[in-house]
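Asker: What follows is a structure written as structure tokens; I'll ask about it next.
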Amino acid sequence: VRPFFGPLGEPLTIDSLPPSNTSRWVVRRKAEVVAAVNGGLLSIDDVCERYGLTLEEFASWQRAVDRSGMQGLRVTRIQHYRDLYERQLKY
1 VRPFFGPLGE PLTIDSLPPS NTSRWVVRRK AEVVAAVNGG LLSIDDVCER YGLTLEEFAS
61 WQRAVDRSGM QGLRVTRIQH YRDLYERQLK Y
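The opening position of the sequence shown corresponds to residue 1 in my numbering, with each subsequent residue numbered one higher.
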């Protein structure tokens, strides 16, 4: 089993992921869940079931990370990063 690391460089395991009853989704927790899926630690279906997320909600987290890194997950900056991404697509 190869070691798997989270978005901040720390080892990431099923046990170190946010608890299934998480209700306050800070940037770090969202990024850990996205990293777990991207690294094959959990499937998208597992994540949606475990955390009560919709596929669309999780996909928006994945897009935000792909486009802008962890900063894109900040709720207060979503519109800023969305606008920035759309401007980049135009040029």
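We put the beta carbon where it would ideally sit given N, CA and C, even for glycine. Treat the numbers as computed from the prediction; the structure is a model and nothing was measured.
Can you tell me which of the three DSSP states F58 falls into?
Answerer: Against the sequence shown, residue 58 aligns to sequence position 58. Three-state DSSP puts F58 in a helix.
Asker: What does the alpha-carbon distance come out to for the pair D83 and R74?
Answerer: Position 83 of the sequence shown, counted from the first residue, corresponds to residue 83. Position 74 of the sequence shown, counted from the first residue, corresponds to residue 74. If I take the Cα positions, the gap works out to 14 Å.
Asker: Candidates W25, T13, T22 and E86: which alpha carbon is nearest G40's?
Answerer: Taking the sequence shown and counting its residues from 1, one reaches residue 40 at position 40. From the listed residues W25, T13, T22 and E86, the smallest Cα separation to G40 is found for T13.
Asker: Looking only at C-alpha atoms, which of Y51, A59 and D66 sits nearest to W25?
Answerer: By one-based count along the sequence shown, residue 25 stands at place 25. Checking every option, the nearest Cα to that of W25 belongs to Y51.
Asker: Output the distance between the C-alpha atoms of G9 and T22, rounded to the nearest integer angstrom.
Answerer: Along the sequence shown, one-based indexing puts residue 9 at 9. Along the sequence shown, one-based indexing puts residue 22 at 22. For G9 and T22, the distance between alpha carbons rounds to 22 Å.
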